[in-house]
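Asks: I am attaching a structure below and will ask some questions about it afterwards.
Number of protein chains: 2
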Amino acid sequence: MFSLLLRSRPAGVHVARVSLPKYRSLSTTSPTRTNRAIVYSQNGNPAEVLSVLTYPSLAHPTSGTVNIRYLLSPINPADVNVVEGVYPSKPTLTSNLVQSGKGSKDEPVFIGGNEGLAQVTSIGENVDGLNVGDWVVMVKQQAGTWSASQNVNAQDIVKIPNQGLSEVHAATITVNPPTAYNMLMDYVELQEGDWVMQNGANSAVGQAVIQIAAARGLKTLNFVRNRDDISQLKDQLRKIGATQVLTYDDLNDKSLRDKVKTWLGGKEILLALNCVGKGGETTEMLRYMGKDGHLVSYGAMSKQPLSLPTSAFIFKNLTAHGFWQSRWYLVRSRAEREQLMATLTSLMKEGKLAAPEHEVVSIDGQDSDGEATTKIRNVFQRLAAGRYGKKVLLKFDE
Amino acid sequence: MFSLLLRSRPAGVHVARVSLPKYRSLSTTSPTRTNRAIVYSQNGNPAEVLSVLTYPSLAHPTSGTVNIRYLLSPINPADVNVVEGVYPSKPTLTSNLVQSGKGSKDEPVFIGGNEGLAQVTSIGENVDGLNVGDWVVMVKQQAGTWSASQNVNAQDIVKIPNQGLSEVHAATITVNPPTAYNMLMDYVELQEGDWVMQNGANSAVGQAVIQIAAARGLKTLNFVRNRDDISQLKDQLRKIGATQVLTYDDLNDKSLRDKVKTWLGGKEILLALNCVGKGGETTEMLRYMGKDGHLVSYGAMSKQPLSLPTSAFIFKNLTAHGFWQSRWYLVRSRAEREQLMATLTSLMKEGKLAAPEHEVVSIDGQDSDGEATTKIRNVFQRLAAGRYGKKVLLKFDE
Numbered sequence: 001m002f003s004l005l006l007r008s009r010p011a012g013v014h015v016a017r018v019s020l021p022k023y024r025s026l027s028t029t030s031p032t033r034t035n036r037a038i039v040y041s042q043n044g045n046p047a048e049v050l051s052v053l054t055y056p057s058l059a060h061p062t063s064g065t066v067n068i069r070y071l072l073s074p075i076n077p078a079d080v081n082v083v084e085g086v087y088p089s090k091p092t093l094t095s096n097l098v099q100s101g102k103g104s105k106d107e108p109v110f111i112g113g114n115e116g117l118a119q120v121t122s123i124g125e126n127v128d129g130l131n132v133g134d135w136v137v138m139v140k141q142q143a144g145t146w147s148a149s150q151n152v153n154a155q156d157i158v159k160i161p162n163q164g165l166s167e168v169h170a171a172t173i174t175v176n177p178p179t180a181y182n183m184l185m186d187y188v189e190l191q192e193g194d195w196v197m198q199n200g201a202n203s204a205v206g207q208a209v210i211q212i213a214a215a216r217g218l219k220t221l222n223f224v225r226n227r228d229d230i231s232q233l234k235d236q237l238r239k240i241g242a243t244q245v246l247t248y249d250d251l252n253d254k255s256l257r258d259k260v261k262t263w264l265g266g267k268e269i270l271l272a273l274n275c276v277g278k279g280g281e282t283t284e285m286l287r288y289m290g291k292d293g294h295l296v297s298y299g300a301m302s303k304q305p306l307s308l309p310t311s312a313f314i315f316k317n318l319t320a321h322g323f324w325q326s327r328w329y330l331v332r333s334r335a336e337r338e339q340l341m342a343t344l345t346s347l348m349k350e351g352k353l354a355a356p357e358h359e360v361v362s363i364d365g366q367d368s369d370g371e372a373t374t375k376i377r378n379v380f381q382r383l384a385a386g387r388y389g390k391k392v393l394l395k396f397d398e
Numbered sequence: 001m002f003s004l005l006l007r008s009r010p011a012g013v014h015v016a017r018v019s020l021p022k023y024r025s026l027s028t029t030s031p032t033r034t035n036r037a038i039v040y041s042q043n044g045n046p047a048e049v050l051s052v053l054t055y056p057s058l059a060h061p062t063s064g065t066v067n068i069r070y071l072l073s074p075i076n077p078a079d080v081n082v083v084e085g086v087y088p089s090k091p092t093l094t095s096n097l098v099q100s101g102k103g104s105k106d107e108p109v110f111i112g113g114n115e116g117l118a119q120v121t122s123i124g125e126n127v128d129g130l131n132v133g134d135w136v137v138m139v140k141q142q143a144g145t146w147s148a149s150q151n152v153n154a155q156d157i158v159k160i161p162n163q164g165l166s167e168v169h170a171a172t173i174t175v176n177p178p179t180a181y182n183m184l185m186d187y188v189e190l191q192e193g194d195w196v197m198q199n200g201a202n203s204a205v206g207q208a209v210i211q212i213a214a215a216r217g218l219k220t221l222n223f224v225r226n227r228d229d230i231s232q233l234k235d236q237l238r239k240i241g242a243t244q245v246l247t248y249d250d251l252n253d254k255s256l257r258d259k260v261k262t263w264l265g266g267k268e269i270l271l272a273l274n275c276v277g278k279g280g281e282t283t284e285m286l287r288y289m290g291k292d293g294h295l296v297s298y299g300a301m302s303k304q305p306l307s308l309p310t311s312a313f314i315f316k317n318l319t320a321h322g323f324w325q326s327r328w329y330l331v332r333s334r335a336e337r338e339q340l341m342a343t344l345t346s347l348m349k350e351g352k353l354a355a356p357e358h359e360v361v362s363i364d365g366q367d368s369d370g371e372a373t374t375k376i377r378n379v380f381q382r383l384a385a386g387r388y389g390k391k392v393l394l395k396f397d398e
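Protein sequence lines correspond, in order, to chains V and E. Using UniProt numbering, the first residue of the first sequence is number 1, and each one after it goes up by one. Using UniProt numbering, the first residue of the second sequence is number 1, and each one after it goes up by one.
Next up, the structure:
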């Protein structure tokens with residue numbers, strides 16, 4: 001039923017690189033629907049269950065809360081799993097968007113989205129350290145960032161410095177860069193010149209790992225899938241700081257051992273980051289791990305179990321962990337979260353951590369909820385079909 | 001070629017329960033070959049490569065060394081892997097057993113055996129804290145304990161109190177009981193009343209886990225293979241302190257979840273010990289593990305890889321480790337090793353840690369090296385065929 005929609009990009013879903021001037025509708029009337037959210041009542045395929053819902057302007061924020069307006073909200077792979085209902089984090093039901101019908105107490109809905117950059121628009125009593133116009137990101141998980149505006153608890157947001165940082169940088173700061181940063185910090189005490197190994201090195205997290213490692217003086221041994229334009233990809237990853245880039249096919253080459261040995265120059269690899277989650281390739285990669293090494297898995301996109309040789313645990317003292325940034329936020333203090341954001345924004349401002357390649361999808365205020373719903377579902381269908389290949393960021397017309 | 005030998009136990013290899021009075025040869029002459037070792041020149045099937053070698057009496061020990069005489073030396077499963085050459089620990093070559101031929105510099109040999117109880121027979125200069133007659137066990141790995149006597153570095157042995165402890169207790173104290181004890185201590189801080197889960201619960205380590213856990217007030221959820229005499233095995237394990245005993249088949253029973261929940265009474269299992277090393281059953285067992293749990297694998301007998309769901313690592317914060325008692329000895333101090341032995345001997349003396357079921361195989365001093373070799377090879381063939389089912393301990397005639 002969606003195949004026809006794929007032929008062309010539907011009118012009203014404006015796609016633009018954020019570095020270009022923002023595309024504006026040529027309509028002479030200004031957008032009429034400025035408060036909208038992408039919601040669902042039941043789990044399922046996002047291209048079938050999501051819909052766009054318009055709601056009235058927010059009341060003045062109550063004590064301890066602020067009103068925010070989202071500037072950009074990414075669609076992350078895990079967001080799709082949340083809508084499907086197969087992700088461990090669940091959003092809470094929202095019942096105060098409207099007075100009656102969908103989004104009210106009669107028919108509560110989930111709002112999609114876990115990550116996003118917002119701006120403070122008004123501030124309730126008993127809120128310290130925030131001003132109107134401040135950039136904020138959510139530290140609460142599954143907050144429903146695919147919204148135009150929200151009333152949120154001040155404790156659930158963290159201020160982000162908006163000088164020298166692009167909107168895309170700030171909108172994508174809470175999931176992938178901290179995953180990369182914390183995996184590099186939390187498991188092995190690495191010194192300048194030490195090596196880290198990873199698969200899925202061209203994923204969003206993988207690229208952040210390469211850049212943060214390079215900024216810290218760490219060397220990276222990176223594995224990617226072989227492909228037609230492999231030399232281009234290798235160049236791209238080396239350009240952002242990758243020390244060595246190999247394909248999984250290279251793992252079959254017996255001469256690789258000697259090569260890697262030469263590269264390491266007597267060092268041992270004690271940290272391996274596993275995005276792929278598959279058995280065979282991960283096991284092969286582990287051959288290059290030293291004794292007492294740590295394998296940290298963070299990508300569960302592959303539904304296949306992790307198959308590891310028992311002997312690696314017993315005789316090489318391998319320890320296998322899982323990293324989940326959502327848990328990190330839950331168990332760490334507010335001060336630690338703020339420190340993390342400060343560290344990452346510094347790296348971004350110094351040009352050491354680039355914004356991801358991306359496309360901005362704008363939701364036109366002129367469109368009816370029905371029209372906007374059709375367009376949003378089409379975006380998710382294109383995503384599922386792998387038609388993007390870069391990060392998609394949602395933007396609601398003001 | 002060995003099948004004929006299996007028909008009956010060959011003369012000269014005396015098998016007796018050590019709790020019974022020791023069987024003595026009725027021969028009127030006393031044994032003539034009192035210094036012997038079980039050696040091999042190349043890796044392979046123990047039933048094919050091992051041979052018994054007689055060597056002269058030891059010289060008086062040099063400074064810092066002592067001469068010891070082995071009382072009992074177990075054959076552990078890992079010892080077979082060492083002889084096969086598939087185990088990460090390798091013994092060092094011995095070239096001073098005899099002046100010429102096999103066991104000399106011309107033809108150095110490996111001596112089998114990693115664990116054993118010995119008695120100090122003479123002491124060199126500069127050795128503190130040891131007396132003739134003291135019981136000692138090896139802290140050096142692959143020391144060649146399948147010997148009648150040895151000259152050893154005093155640093156490579158630890159004294160064991162010989163009051164209130166059987167020879168079998170002391171001879172089997174360095175591998176299985178410390179594996180059980182350290183796995184219970186090193187990964188999760190368990191409080192009285194907490195639960196531990198394990199598979200292979202009727203293995204030597206498994207039974208030690210049950211007993212040590214019970215002595216510490218911990219509860220155990222134990223999994224074993226289903227078998228004809230399962231209720232007998234369950235009774236036996238409960239008798240030594242198992243709280244609950246289940247079979248892997250029970251894991252298919254959907255009502256098990258509720259049962260386990262009731263048993264746990266609100267507690268979560270945070271430590272699982274994996275002897276089997278197989279994927280499926282381990283994964284099934286992990287369903288009963290709480291968040292932030294630790295899976296410790298120590299048995300590599302199954303050559304199959306450990307297959308674990310990536311989601312357990314990421315979303316349940318599972319950490320997977322390997323435990324190897326050999327590594328523990330390498331990285332811990334002498335004081336820690338002695339403390340460990342003291343703790344285990346206390347448990348044994350208090351009757352809280354029973355000696356393993358066992359058979360003693362005596363090597364008759366009347367037999368020629370050729371005869372003894374045939375008999376020893378037969379023992380290993382019986383072991384490989386699973387003909388024992390209890391721990392085999394070697395004893396050299398004095």
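We put the beta carbon where it would ideally sit given N, CA and C, even for glycine.
Would residue 174 (chain V) be called buried (16 or more neighbouring beta carbons within 10 Å of its own) or exposed?
Replies: The residue is buried, with at least 16 neighbouring Cβ atoms inside 10 Å.
Asks: I think residue 74 (chain V) touches residue 391 (chain V), with their Cβ atoms under 8 Å apart; what is that distance to the nearest whole Å?
Replies: Right, the Cβ-Cβ distance comes to about 6 Å (below 8 Å), so this counts as a contact.
Asks: Can you tell me the Cα-Cα spacing of residue 269 (chain V) and residue 297 (chain V), whole angstroms?
Replies: Distance between the alpha carbons of residue 269 (chain V) and residue 297 (chain V): 16 Å.
Asks: Helix, strand or coil for residue 21 (chain V)? Go by DSSP, reduced to three states.
Replies: Legend: pLDDT at residue 21 (chain V) = 40, less than 50; position of this residue unreliable, value from coordinates given subsequently. DSSP places residue 21 (chain V) in coil when its eight states are reduced to three.
Asks: Find the nearest neighbour of residue 102 (chain V) within the set V:82, V:88, V:37, judged by alpha-carbon distance.
Replies: Minimum Cα distance to residue 102 (chain V) is reached at V:37.
Asks: Taking 7 Å as the CB-CB cut-off, is residue 358 (chain V) touching chain A?
Replies: The displayed structure is made up of protein chains V and E, and chain A is not among them.
Asks: Counting pairs of Cβ atoms below 8 Å between the segment 184 to 195 of chain V and the segment 207 to 226 of chain V, do you hit three or more?
Replies: With a cut-off of 8 Å, the segment 207 to 226 of chain V and the segment 184 to 195 of chain V count as touching, because enough Cβ pairs lie within range.
Asks: Quick test of your reading: residue 295 (chain V) and residue 274 (chain V), contact by CB under 8 Å. State the CB separation rounded to the nearest angstrom.
Replies: Sure, about 6 Å apart at Cβ, within 8 Å.
Asks: Just to make sure I have the definition right: I need the residues of chain V whose C-beta is within less than 7 Å of the C-beta of residue 317 (chain E). Which are they?
Replies: Neighbours of residue 317 (chain E) on chain V, chain order: 322, 327.
Asks: Hey, does residue 88 (chain E) have any beta-carbon neighbour from chain V nearer than 7 Å?
Replies: True, the Cβ-Cβ gap to chain V drops below 7 Å.
Asks: Using a C-beta to C-beta distance shorter than 8 Å, which residues of chain V count as neighbours of residue 298 (chain E)?
Replies: Within 8 Å Cβ-Cβ: 314.
Asks: So residue 138 (chain E) packs on residue 156 (chain E), CB below 8 Å; how close in whole Å?
Replies: Between residue 156 (chain E) and residue 138 (chain E) the Cβ distance is about 6 Å, and since that is below 8 Å, they are a contact.
Asks: Nearer than 6 Å: is that true of the beta carbon of residue 240 (chain E) relative to any heavy atom of the ligand PLP?
Replies: No copy of the ligand PLP occurs in the structure displayed, which carries no ligand at all.
Asks: Please classify residue 331 (chain V): is it buried, with 16 or more other beta-carbons within 10 angstroms of its beta-carbon, or exposed?
Replies: With fewer than 16 other Cβ atoms within 10 Å, it is exposed.
Asks: So, does the segment 356 to 363 of chain E touch the segment 102 to 119 of chain E, judging by three or more C-beta pairs under 8 Å?
Replies: No, the segment 356 to 363 of chain E is not in contact with the segment 102 to 119 of chain E.
Asks: Pull up the distance between the alpha-carbon of residue 71 (chain E) and that of residue 95 (chain E), whole angstroms please.
Replies: Each residue's alpha carbon lies about 23 Å from the other.
Asks: Whole beta strand (DSSP E) runs in the segment 40 to 126 of chain E with 3 or more residues, listed along the chain?
Replies: The qualifying runs are 51 to 54, 65 to 75, 117 to 123.
Asks: Report the rounded CA-to-CA distance for residue 5 (chain E) versus residue 378 (chain E), giving the unit in angstroms.
Replies: Any reading at residue 5 (chain E) needs caution, since the residue's pLDDT is 31, under 50, leaving its predicted position unreliable; the model's value is listed next. Roughly 7 Å between the two C-alpha positions.
Asks: Compare the beta carbon distance of residue 77 (chain V) and residue 344 (chain V) with 7 Å and say whether it is the shorter of the two.
Replies: No; because the gap between Cβ atoms is not below 7 Å, this pair is not in contact.
Asks: In chain order, what residues of the same chain lie with their CB nearer than 8 Å to the CB of residue 40 (chain V), ignoring the 5 residues before and after it?
Replies: Result list for residue 40 (chain V): 46, 49, 50, 51, 83, 109, 110, 112, in chain order.
Asks: For residue 244 (chain V), list the residues DSSP reports as bridge partners.
Replies: Note: residue 244 (chain V) sits in a beta bridge opposite V:221.
Asks: By Cβ distance, which residues of its chain are closer than 8 Å to residue 352 (chain E), with the 5 residues on each side in sequence left out?
Replies: These residues qualify, in order along the chain: 211, 212, 214, 215.
Asks: In the DSSP assignment, what residue or residues form a beta bridge with residue 359 (chain E)?
Replies: Per DSSP, E:392.
Asks: Assuming residue 308 (chain E) and residue 305 (chain V) form a contact by the criterion Cβ under 8 Å, report the distance between their Cβ atoms to the nearest whole angstrom.
Replies: With a Cβ gap of about 6 Å, residue 308 (chain E) and residue 305 (chain V) count as contacting.
Asks: Mark residue 398 (chain V) as exposed unless 16 or more other C-beta atoms lie within 10 angstroms of its C-beta, in which case mark it buried.
Replies: The residue is exposed, with fewer than 16 neighbouring Cβ atoms inside 10 Å.
Asks: Could you name the residues of the same chain whose beta carbon sits closer than 8 Å to that of residue 337 (chain E), not counting the 5 residues immediately before and after it, in chain order?
Replies: Correct list, in chain order: 139, 158, 329.
Asks: Would residue 255 (chain V) pass as an interface residue toward chain E - the criterion being a Cβ-Cβ separation below 7 Å?
Replies: Closer than 7 Å: no.
Asks: Taking the alpha-carbon of residue 339 (chain E) as reference, which of E:283, E:181, E:258 has the nearest alpha-carbon?
Replies: Comparing Cα-Cα distances from residue 339 (chain E) to each of E:283, E:181, E:258, the minimum goes to E:181.
Asks: Alpha carbon to alpha carbon, how far is residue 99 (chain V) from residue 164 (chain V)?
Replies: One C-alpha to the other measures close to 41 Å.
Asks: Give a yes or no on whether 7 Å exceeds the smallest Cβ distance from residue 71 (chain E) to chain V.
Replies: Answer no: the Cβ-Cβ gap between residue 71 (chain E) and chain V never drops below 7 Å.
Asks: Where does residue 56 (chain V) land, buried or exposed, given buried means 16+ other C-beta within 10 angstroms?
Replies: Label assigned to residue 56 (chain V): exposed.
Asks: Along the alpha helix (DSSP H) that carries residue 235 (chain E), what are the first and last residues, could you check?
Replies: It spans 230 to 239 - the alpha helix (DSSP H) in which residue 235 (chain E) sits, taken as one unbroken run.
Asks: Below 7 Å on C-beta distance, what does residue 179 (chain V) contact in chain E?
Replies: Ordered by position in chain E, no residue passes the 7 Å Cβ test against residue 179 (chain V), which lies about 11 Å from the chain.
Asks: Any beta carbon from chain V within less than 7 Å of residue 247 (chain E)'s own beta carbon?
Replies: False, the Cβ-Cβ gap to chain V never drops below 7 Å.
Asks: Give a yes or no on whether the minimum CB-CB distance between residue 306 (chain V) and chain E is below 7 Å.
Replies: Chain E, which has a Cβ nearer than 7 Å to the Cβ of residue 306 (chain V), makes this yes.
Asks: Distance check for residue 221 (chain V) and residue 198 (chain V), CA to CA, integer angstroms please.
Replies: So the alpha carbons of these two residues sit roughly 6 Å apart.
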